[in-house]
Every structure is written in structure tokens, then in C-alpha cells.
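For reference, the structure discussed in these notes is given below.
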Amino acid sequence: VQLQASGGGLVQAGESLRLSCAASGINFRLYDMGWYRQAPGKQRELVASITGGSRTNYADSVKGRFTISRDNAKNTVYLHMNSLKPEDTAVYYCNAHPAGGTGAYWGQGTLVTVSS
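Residue numbers for the sequence shown follow our numbering, beginning at 42 and rising by one.
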């Protein structure tokens, strides 16, 4: 199983980025997908998640600014991040969790840095 995250970078406050996570080795449609982030000195936290049926959930801190989506034909999940803030700076990790099952897979993380 591989989760390959990409799209991170350095942006200024107010700008946008799109993260992508390409999955292989799993039946993608049967997995709930999520984006987590971990800032320096802080615990990893859930940013957004999406079920196989595209039901979404967001952390309060990103509601209205971030959008999670998935393309089951491409085995890829996206995180569209708008109006970025310095406090969004973190390593963003992709997560795959089998719907109704146990266990999870993690990607390698992609760094997002937002300057003020």
C-alpha cells in the first residue's frame, strides 16, 4: 500500500494550495480518506475527511476555507486550501481507513508553510 502526497510548498497568507494524495494497493472506493496535519510541537490533528460516498467532515478551524474531494477513478484524494493562514503551517498527512474496518495507512507527509 502506498499513499503518495504532494502539493505542499511555501505560500503567503491569503493564498491557496491544492494537496493531492494518490493511493495504490487498496480498493480505493472502500476506504474513507482523510487529511491530518501536525505543526511543530503539536499533536497530529484531523483536518478533513471524506467517505467513499463523498460525505465530508472538517475541523472547525478550516471550515469554509478548505475543501476535501476525491476522484475514485484516479484513486486520488485532494485538499483544496484557500485563504491560508500562518497557523495552517504544518506537515500534512494523507490517511486511508477501511470503511467499517480497523487499521489505517499513512502517507509520507507534505510540508505547507504559510508566511505572514
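Every residue gets a Cβ at the ideal spot worked out from N, C-alpha and C, and that includes glycine.
At the C-beta level, asparagine 113 and glycine 75 stay beyond 8 angstroms of one another.
Beta-bridge partners assigned by DSSP to phenylalanine 107: Met122.
The shortest CA-to-CA distance from valine 118 to any of Ser110, Ser124, Leu125 is the one to Ser110. A residue is called buried once 16 or more other Cβ atoms fall within 10 Å of its Cβ, and alanine 46 is buried on that count. Checking the DSSP bridge columns, you'll see alanine 89 partnered with Trp76, Tyr99. If you draw a straight line from the Cα of leucine 152 to the Cα of glycine 49, it comes to about 5 angstroms.
Annotation: the continuous beta strand (DSSP E) that includes arginine 59 extends over 58-65. Under the three-state reduction of DSSP output, proline 127 falls in the helix class. Counted as a single uninterrupted DSSP element, the beta strand (DSSP E) harbouring glutamine 43 occupies residues 43-47. Taking a cut-off of 8 angstroms on C-beta distances, the stretch 115-129 touches the stretch 62-78, as three or more cross pairs fall below it.
Going by beta carbons, alanine 100 and valine 88 fall inside the 8 angstroms limit. Taking C-beta atoms as the reference points, glycine 93 and alanine 140 count as a pair closer than 8 angstroms.
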